[in-house]
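S.K.:
Below is the structure:
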């Protein structure tokens, strides 16, 4: 039962270009979405988040877009840098459903940014 | 910068043995979580813990699992009788007392190998 899906296991992008990572979800109760980045031998590191009341959130080179009707979100990285090479996890939670914030993760997309 | 720490980094055990995975959350955080990632799979929520009791748990978190905050700093995950399928990376996370959407900070993980 994949409530959060990342259908692209990997993505390769040239340095300086845009990286677009996609995520779909099925649970209509999700109202808070996050992206985490993970390097090998480290835990996931929070990158950026978006509430369901917004459709866009921007933080420096990172922008997350949310399309609630399509149950789809995407992470844009512009410009991409070699240091961005990592596994990116999309995650979701029911922030207003009495949950304590437990996160439901996708399988991740491995981004490789080539110099 | 404060961080979540986990010990050991790698634990090897025989099937049927008990293991205890240890975590030291960020000092002023009040909400604690355990997640796991089986190799090649997504990160999965196991349990959340607040005010010395379990807040939520997933179907993975059966009677073989237990959590404890034995003192003011440690947060432990015990697996009573390990099975081969318990082999995974186990991540501890913590967040502040604020809203459920506050960032969860993850530790580097403990790799559990059950032989």
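Protein chains in written order, with our numbering: chain S, 1 to 115; chain R, 1001 to 1115.
Where is the CB? At the ideal position from N, CA and C, for every residue including glycine.
Predicted, not measured: the structure shown is a model, and the values here were computed from it.
Any idea if residue 1095 of chain R is buried or exposed, counting beta-carbon neighbours within 10 angstroms, 16 or more meaning buried?
M.R.: As a working note, residue 1095 of chain R is residue 95 in the second chain. Buried is the call here.
S.K.: Got a sec: is the Cβ-Cβ distance from residue 102 of chain S to anything in chain R below 8 Å?
M.R.: Reading the first chain from its first residue, position 102 is the one you call residue 102 of chain S. Closer than 8 Å to some Cβ of chain R, the Cβ of residue 102 of chain S qualifies, so yes.
S.K.: Using the Cα positions of residue 20 of chain S and residue 75 of chain S, report the straight-line distance between them to the nearest angstrom.
M.R.: Counting from 1 along the first chain, the entry for residue 20 of chain S is found at position 20. Counting from 1 along the first chain, the entry for residue 75 of chain S is found at position 75. Those two C-alpha atoms are separated by around 6 Å.
S.K.: With DSSP as the reference, label residue 1001 of chain R as helix, strand or coil.
M.R.: The count along the second chain starts at 1 and reaches residue 1001 of chain R at position 1. Residue state, collapsed to three classes: coil.
S.K.: Pair every Cβ in the segment 64 to 73 of chain S with every Cβ in the segment 1 to 11 of chain S, then say whether three or more of these pairs are closer than 8 Å.
M.R.: No: fewer than three Cβ pairs fall under 8 Å.
S.K.: Short of 8 Å Cβ to Cβ, which residues in the segment 42 to 63 of chain S face chain R?
M.R.: So the list reads 42, 43, 44, 45, 46, 49 and 51, given in the order they occur along the chain.
S.K.: May I ask you to report which of helix, strand or coil DSSP gives residue 24 of chain S?
M.R.: Your numbering for residue 24 of chain S matches position 24 in the first chain. The answer is strand: DSSP assigns residue 24 of chain S an E or B state.
S.K.: What does a CB cutoff of less than 6 Å around residue 1017 of chain R pick up in its chain, not counting 5 residues either side in sequence?
M.R.: One-based indexing of the second chain puts residue 1017 of chain R at position 17. Only 1082 meet the Cβ criterion.
S.K.: Taking its Cβ as the centre, do 16 or more other Cβ atoms sit within 10 Å of residue 51 of chain S, making it buried, or is it exposed?
M.R.: Within the first chain, residue 51 of chain S is the residue found at index 51, counting from 1. Looking at its Cβ environment, which holds fewer than 16 other Cβ atoms inside 10 Å, residue 51 of chain S is exposed.
S.K.: Taking the alpha carbon of residue 1021 of chain R as the point to measure from, which residue in R/1043, R/1050 and R/1010 has its own alpha carbon closest?
M.R.: The count along the second chain starts at 1 and reaches residue 1021 of chain R at position 21. Measuring from the Cα of residue 1021 of chain R, the nearest candidate turns out to be R/1010.
S.K.: Residues of chain R with a CB under 8 Å from the CB of residue 107 of chain S: which are they?
M.R.: Sequence index remark: in the first chain, residue 107 of chain S carries index 107 (1-based). Correct list: 1041 and 1042.
S.K.: Apart from the five residues on each side of it in sequence, which residues of its chain come closer than 7 Å, Cβ to Cβ, to residue 12 of chain S?
M.R.: Here the question's residue 12 of chain S lines up with position 12 in the first chain. Correct list, in chain order: 112 and 114.
S.K.: Output yes or no for whether 8 Å exceeds the beta carbon distance between residue 1002 of chain R and residue 1026 of chain R.
M.R.: Residue numbering aside, residue 1002 of chain R sits at position 2 when the second chain is read from its first letter. Residue numbering aside, residue 1026 of chain R sits at position 26 when the second chain is read from its first letter. Yes.
S.K.: Since residue 1033 of chain R is in the beta strand (DSSP E), which residue starts that stretch and which ends it?
M.R.: Counting from one through the second chain, the residue named residue 1033 of chain R turns up at place 33. Residue 1033 of chain R -> beta strand (DSSP E) spans 1031 to 1037.
S.K.: Which residues in chain S have a C-beta closer than 7 Å to the C-beta of residue 1059 of chain R? List them in chain order.
M.R.: The count along the second chain starts at 1 and reaches residue 1059 of chain R at position 59. Ordered by position in chain S, no residue passes the 7 Å Cβ test against residue 1059 of chain R, which lies about 10 Å from the chain.
S.K.: Residues in its own chain within less than 6 Å of residue 22 of chain S by CB, not counting five upstream and five downstream?
M.R.: To locate residue 22 of chain S, count along the first chain from 1; it is residue 22. Taken in chain order, the residues that qualify are 74.
S.K.: Taking DSSP as the reference, what is the three-state secondary structure of residue 103 of chain S?
M.R.: Locating residue 103 of chain S in the first chain gives position 103, counting from the first residue. In this structure, residue 103 of chain S counts as coil in the three-state DSSP scheme.
S.K.: What does the Cβ neighbour count give for residue 1015 of chain R, buried or exposed, with the cut at 16 atoms within 10 Å?
M.R.: Position 15 of the second chain, counted from the start, is the residue given in the question as residue 1015 of chain R. Exposed.
S.K.: I need the DSSP call for residue 1062 of chain R, collapsed to helix, strand or coil.
M.R.: Indexing the second chain from 1 puts residue 1062 of chain R at position 62. Correct three-state label for residue 1062 of chain R: coil.
S.K.: Excluding the 5 residues preceding and the 5 following residue 1089 of chain R in the sequence, name in chain order all residues of the same chain whose CB lies nearer than 6 Å to its CB.
M.R.: Working through the second chain from its first residue, we reach residue 1089 of chain R at position 89. So the list reads 1037, 1109 and 1111, once near-sequence residues are dropped.
S.K.: Nearest-angstrom Cα distance between residue 41 of chain S and residue 1074 of chain R?
M.R.: Taking the first chain and counting its residues from 1, one reaches residue 41 of chain S at position 41. Taking the second chain and counting its residues from 1, one reaches residue 1074 of chain R at position 74. C-alpha separation (whole angstroms): 22 Å.
S.K.: Report the three-state DSSP secondary structure of residue 1085 of chain R (helix, strand or coil).
M.R.: Sequence index remark: in the second chain, residue 1085 of chain R carries index 85 (1-based). In the structure shown, residue 1085 of chain R sits in a helix (DSSP, three-state: H, G or I).
S.K.: For residue 89 of chain S and chain R, any beta-carbon pair shorter than 8 Å?
M.R.: Stepping through the first chain from its first residue, residue 89 of chain S is reached at position 89. Taking Cβ atoms only, chain R reaches closer than 8 Å to residue 89 of chain S, which makes this a yes.
S.K.: Measure the C-alpha to C-alpha separation of residue 1068 of chain R and residue 1046 of chain R and round it to an integer number of angstroms.
M.R.: By 1-based counting over the second chain, the position of residue 1068 of chain R is 68. By 1-based counting over the second chain, the position of residue 1046 of chain R is 46. Cα-Cα distance, rounded: 14 Å.
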